[in-house]
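Chemist: Here it is, the structure in full.
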Amino acid sequence: MFDVQSPVNYEQKCLCVLLLDTSGSMHGNPISELQNGIEIFHHEISGDPTTTNRLEIAIITFDSKVNVLQNPSLVSDFIMPKLSANGATFMGEAIEEAISLVEARKSWYKLTGQPYYRPWIIVITDGEPTDVPNLFDLHKKIQEDVNNKKYFFYAIGVEDANMDKLKQISSEKMPPAKLQGLKFADFFKWLSASMTQVTSSADDSIINLPSPADWMEGFVIK
Amino acid sequence: MRSYQFLIFSVIFVSFFNFVSVLEGSSKRYDINDIEVPDSVILLAEDSCLNVNDSIFIKKKEQDSIEIYNVPNFDSINSLYNDSNSSIKTKIIGTIKVKVKRLFLIFLKIFFALLFTSLIYFVYIYNRDKNQKIYNLEQEISSLRNQLLKNDNQINYLKETLENLKKGKSPAEEFKSIEEIIYIRSKVVKEIENENKLSKEELLILLKDCDRRWITLGHSALGNSHAKSIPPIPCQDSFHVEILENGWILSIVCDGAGSAKLSHLGSEFLARTAIPLNLKSKLSKLSWYSSNHLPEKDVWFHVVLDVLSKSLEDLRKWIMESIYDAESEKEFASTVILSLHNCNGVLTANIGDGRGGYLNNRGEFRPLFEPFKGDEANSTVFITSPIWVKPNDFINVNVINEIPLSVFILSDGLEKVSFNCSKMVDGIWVDPNIPYRNFFYPILKKIKEIPQEHEFRLPDDWKNLLESGNELIKTENDDKTMVISFLK
Chain A
1 MFDVQSPVNY
11 EQKCLCVLLL
21 DTSGSMHGNP
31 ISELQNGIEI
41 FHHEISGDPT
51 TTNRLEIAII
61 TFDSKVNVLQ
71 NPSLVSDFIM
81 PKLSANGATF
91 MGEAIEEAIS
101 LVEARKSWYK
111 LTGQPYYRPW
121 IIVITDGEPT
131 DVPNLFDLHK
141 KIQEDVNNKK
151 YFFYAIGVED
161 ANMDKLKQIS
171 SEKMPPAKLQ
181 GLKFADFFKW
191 LSASMTQVTS
201 SADDSIINLP
211 SPADWMEGFV
221 IK
Chain B
1001 MRSYQFLIFS
1011 VIFVSFFNFV
1021 SVLEGSSKRY
1031 DINDIEVPDS
1041 VILLAEDSCL
1051 NVNDSIFIKK
1061 KEQDSIEIYN
1071 VPNFDSINSL
1081 YNDSNSSIKT
1091 KIIGTIKVKV
1101 KRLFLIFLKI
1111 FFALLFTSLI
1121 YFVYIYNRDK
1131 NQKIYNLEQE
1141 ISSLRNQLLK
1151 NDNQINYLKE
1161 TLENLKKGKS
1171 PAEEFKSIEE
1181 IIYIRSKVVK
1191 EIENENKLSK
1201 EELLILLKDC
1211 DRRWITLGHS
1221 ALGNSHAKSI
1231 PPIPCQDSFH
1241 VEILENGWIL
1251 SIVCDGAGSA
1261 KLSHLGSEFL
1271 ARTAIPLNLK
1281 SKLSKLSWYS
1291 SNHLPEKDVW
1301 FHVVLDVLSK
1311 SLEDLRKWIM
1321 ESIYDAESEK
1331 EFASTVILSL
1341 HNCNGVLTAN
1351 IGDGRGGYLN
1361 NRGEFRPLFE
1371 PFKGDEANST
1381 VFITSPIWVK
1391 PNDFINVNVI
1401 NEIPLSVFIL
1411 SDGLEKVSFN
1421 CSKMVDGIWV
1431 DPNIPYRNFF
1441 YPILKKIKEI
1451 PQEHEFRLPD
1461 DWKNLLESGN
1471 ELIKTENDDK
1481 TMVISFLK
């Protein structure tokens, strides 16, 4: 057997912004399942040494106000938030906050000259934005940014989420997905596997993710 | 503030109740003097809070005076005064409000209004105080959390500064000019080159008793995430090693695109079939090849261009004839790394990422080529990408006129474990692209020291190394391929 050592290399970063709906309608089971899901996500990531050093997680919650609960940080520096639900659904403002957070982080990456993986913005909601008078403007911005490969934008609808409105803000390349029941745990396991997979060599034009059959409603393996 | 609010509440409620009373009272009011009283009248009190039967009996005594009696029961009046024997005529002329009682009622209403108001007011105050407390606590929690984040950032910053100071470096500057960045990068590369140079003793161990035999090992190992994926993803890497005439050794590593479904087939066809066949048929006609010399860089480039474009055509034909239901050739996307070496030097060609390196006879580890990196950390180009309009930009060739002791090419799954390829120094990211001596030297030393009769064990050792040589290799998510050649 060859007895080799490996050098210390800096892991290039992949930012994942979780935008979580903590409005009143999430109260009870949904919010505790979501909390559980995030804890599973944290656990899954911690089990993979490469992703642990690569994935920077940020958490923004939105109800009647937008809170940045966690600035971009590695799972080792992660402070597990305690989620509670009440108030309205200020999703539009939250998305804008997420986009500016992504931009800020990217400019830091650029400042240091490091290559980075395309950031992710993941919205989880059981409702619809109550603070956006004109969904078209938001859609246009997201569509443009996704096409220009600034970030991936993925909306996940829970229970009575207004899927039509989520579709209106999402990019056509990544339509929103509906969660089966409250399978947050399965969703976050999938997300963790996706975060590992998207960071392998890729052709720009194709995104190849693991099968979401475990959690996505209406998903059929072809 | 509170007493003021209470006052407003009270005024609103009291005036509301009194307004109602006034409306009621004004509907039917009789003045006693206006009534033509026969001998006696009975006025029935109307107010709902009094019993209907609590009536007032007014008896006309003289012209200007009347007697007022409280009569407990209307029926009793009837029985008393409507008696046919009685001389007193009684007439019920209507109902009137009784002022005294109404006043009492108003007070009662005010009292209830005040009571009700206080009740609502206190419930309101209670709720408002509760919400205010909740809000204050939430604010406090969020500000403490922010403080925590700030402290964390501060700690990280201080830790970094401390580490830098310990190493004798000044804290990272916020902004750096391009010249500074270039300077830092070249300084880092030089430092790492020196750190990874073999000592004279180590070099002598490798050079001792050289019998000029190339030992070449190759293996592709499945990446961790590919193994864990459901359904499992096959190993998308392929490699090929072939000993050609005149001491030339050909090694090829192809890494199928992670994003393409059939890339494992693409990389296999290119590495094992198309590229070796096309290259060999091309080389056989070339004089520099048969005379064992290295060509000029542009000559080599045209050989490579010809071989790779023919190989792509073969791939396309093969896809057309195959049973695979592919939408486009992109599903077979693969990178290509090729090295052709002998004792005089190394010829390399590559499309896309991965790494290659060699050890020269001065004990220096050097890169064979620069991997092609796209805008993002994981993006690169493949043989099937639109690179053929400007092949000079994407097909990278090198001619290395140095005596190599070892030559190795690898897919990007192994670059982090075997190359110095990503460093953060003074707040600047650098890719020195220098093979890590503590990875390669132990391998070369072992190949050197193993007795010839035990060399048959080397392929298994090599396989074990790439599958699970150390913790980093074991947990690597990407597929791992390396071909190493050593002049024993």
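For the protein sequence lines, the chains are A and B, in the order given.
The first sequence begins at 1 in this note's numbering and counts up one residue at a time.
The second sequence begins at 1001 in this note's numbering and counts up one residue at a time.
All C-beta atoms, glycine included, are put in the ideal place defined by N, C-alpha and C.
Note that the structure is a prediction, hence the values are computed from the model and not measured.
#1: Note down the Cα distance separating B/CYS1235 from B/ASN1131, rounded to an integer number of angstroms.
#2: Tell me which residue opens and which closes the beta strand (DSSP E) that B/ASN1495 is part of.
#3: Please tell me whether B/ILE1012 has its Cβ less than 7 angstroms away from any Cβ of chain A.
#4: Check each candidate in B/VAL1188, B/GLU1160, B/ARG1437 and name the one with the smallest Cα separation from B/TYR1358.
#5: First and last residue of the alpha helix (DSSP H) that includes A/GLN168?
#6: Confirm, please, whether the CB-CB distance from B/LEU1206 to B/TRP1462 is below 7 angstroms.
#7: Since B/LEU949 sits in a beta bridge, which residues does DSSP pair it with?
#8: So which residues on chain A does B/PHE1369 lean against when the C-beta distance must stay under 9 angstroms?
#9: Could you name the residues of the same chain whose beta carbon sits closer than 7 angstroms to that of B/ASN1361, not counting the 5 residues immediately before and after it, in chain order?
#10: Taking 6 angstroms as the cut-off, is the beta-carbon of B/PHE1440 closer than that to any non-hydrogen atom of the ligand MG?
#11: Pick helix, strand or coil for B/HIS1341, following the three-state DSSP scheme.
#12: How close, in whole Å, do the beta carbons of A/MET163 and A/PRO176 come, if the pair is a contact with beta carbons under 8 angstroms?
#13: Closest to B/ASN1350 by C-alpha separation, out of B/THR1335, B/ILE1110, B/LEU1262, would be which residue?
#14: Can you tell me whether A/PRO212 is helix, strand or coil according to DSSP?
#15: Assign B/ASP1031 to one of two classes, buried (16 or more other C-beta atoms within 10 Å of its C-beta) or exposed (fewer than that).
#16: So, with DSSP's three-state summary, where would you put A/VAL17?
#17: Mind listing the chain A neighbours of B/CYS1421? Cutoff is C-beta to C-beta under 7 angstroms, in chain order.
#18: For B/ALA1260, which of B/GLU1329, B/PHE1486, B/ILE1252 has the nearest alpha-carbon?
#19: Could you work out which residues of chain A lie near B/SER1229, taking near to mean beta carbons separated by less than 8 angstroms?
#20: Can you say whether B/ASN1420 is buried or exposed, counting buried as having 16 or more other CB atoms within 10 angstroms of its CB?
#21: Do A/THR52 and A/ILE45 have their C-beta atoms closer together than 7 angstroms?
#22: Under the assumption that A/PHE153 contacts A/ILE121 (Cβ atoms under 8 angstroms), give the Cβ distance between them as a whole number of angstroms.
#23: What do you get for A/ILE95, buried or exposed, if any count of 16 or more other CB atoms within 10 angstroms of its CB means buried?
#24: Given B/VAL942, which residues of its chain have a CB within under 6 angstroms of its CB, disregarding the five upstream and five downstream residues?
#25: State the Cα-Cα distance for the pair B/TYR1502 and B/ASN1151, rounded to the nearest angstrom.
#26: What residue range does the alpha helix (DSSP H) around A/TRP190 cover?
#27: Helix, strand or coil: how does DSSP classify B/LEU1149 here?
#28: Go ahead and pull the three-state DSSP assignment for A/PHE41.
#29: Return the Cβ separation of A/LYS252 and A/TYR116 in integer angstroms, given the expectation that the two are a contact with Cβ distance under 8 angstroms.
#30: Quick one, are the C-beta atoms of B/GLY1363 and B/LYS1197 less than 7 angstroms apart?
#31: Taking the runs of the alpha helix (DSSP H) that are 4 residues or longer, which of them lie wholly in the segment 1405-1475 of chain B?
#32: Mark B/SER1087 as exposed unless 16 or more other C-beta atoms lie within 10 angstroms of its C-beta, in which case mark it buried.
#33: Helix, strand or coil for A/GLY127? Go by DSSP, reduced to three states.
#34: For the segment 1305-1330 of chain B, which residues have a CB atom closer than 7 angstroms to at least one CB atom of chain A, in sequence order?
#35: By DSSP, does A/GLY28 sit in helix, in strand, or in coil?
#36: How about B/LEU1050: is its C-beta nearer than 7 angstroms to some C-beta of chain A?
Modeler: From the atom records:
#1: 59 angstroms
#2: A question about residue 1495 of chain B goes unanswered here, because the residues of chain B that appear run from 1001 up to 1488.
#3: no
#4: B/ARG1437
#5: 163-169
#6: no
#7: The requested residue 949 of chain B is not part of the displayed model; chain B covers only 1001 to 1488.
#8: Those do not exist, as B/PHE1369 stays about 16 angstroms from chain A at its closest Cβ, beyond 9 angstroms.
#9: ILE1403, LEU1405
#10: Ligands are entirely absent from the displayed structure, and the ligand MG is therefore not among its contents.
#11: strand
#12: 6 angstroms
#13: B/THR1335
#14: coil
#15: Caution is warranted here: a pLDDT of 45 is assigned to B/ASP1031, below 50, making its placement in the model unreliable, and the coordinate value is therefore given only provisionally. Per the 10 Å Cβ criterion, exposed.
#16: strand
#17: ASN9
#18: B/GLU1329
#19: ALA193, GLN197, PRO210
#20: buried
#21: yes
#22: 5 angstroms
#23: buried
#24: Nothing about residue 942 of chain B can be reported from this structure: the residues present for chain B run from 1001 to 1488 only.
#25: Lying outside 1001 to 1488, the shown extent of chain B, residue 1502 of chain B is not represented and no answer is given.
#26: 184-197
#27: helix
#28: helix
#29: In the structure as shown, chain A starts at 1 and stops at 222, and residue 252 of chain A therefore has no counterpart that could be examined.
#30: yes
#31: 1415-1418, 1437-1449, 1458-1468, 1471-1475
#32: With a pLDDT of 45 at B/SER1087, under the threshold of 50, the predicted position of this residue should be treated as unreliable, and no value is reported.
#33: coil
#34: LYS1330
#35: coil
#36: Residue placement at B/LEU1050 cannot be trusted, given a pLDDT of 36 that sits under 50; the coordinates are not used to answer.
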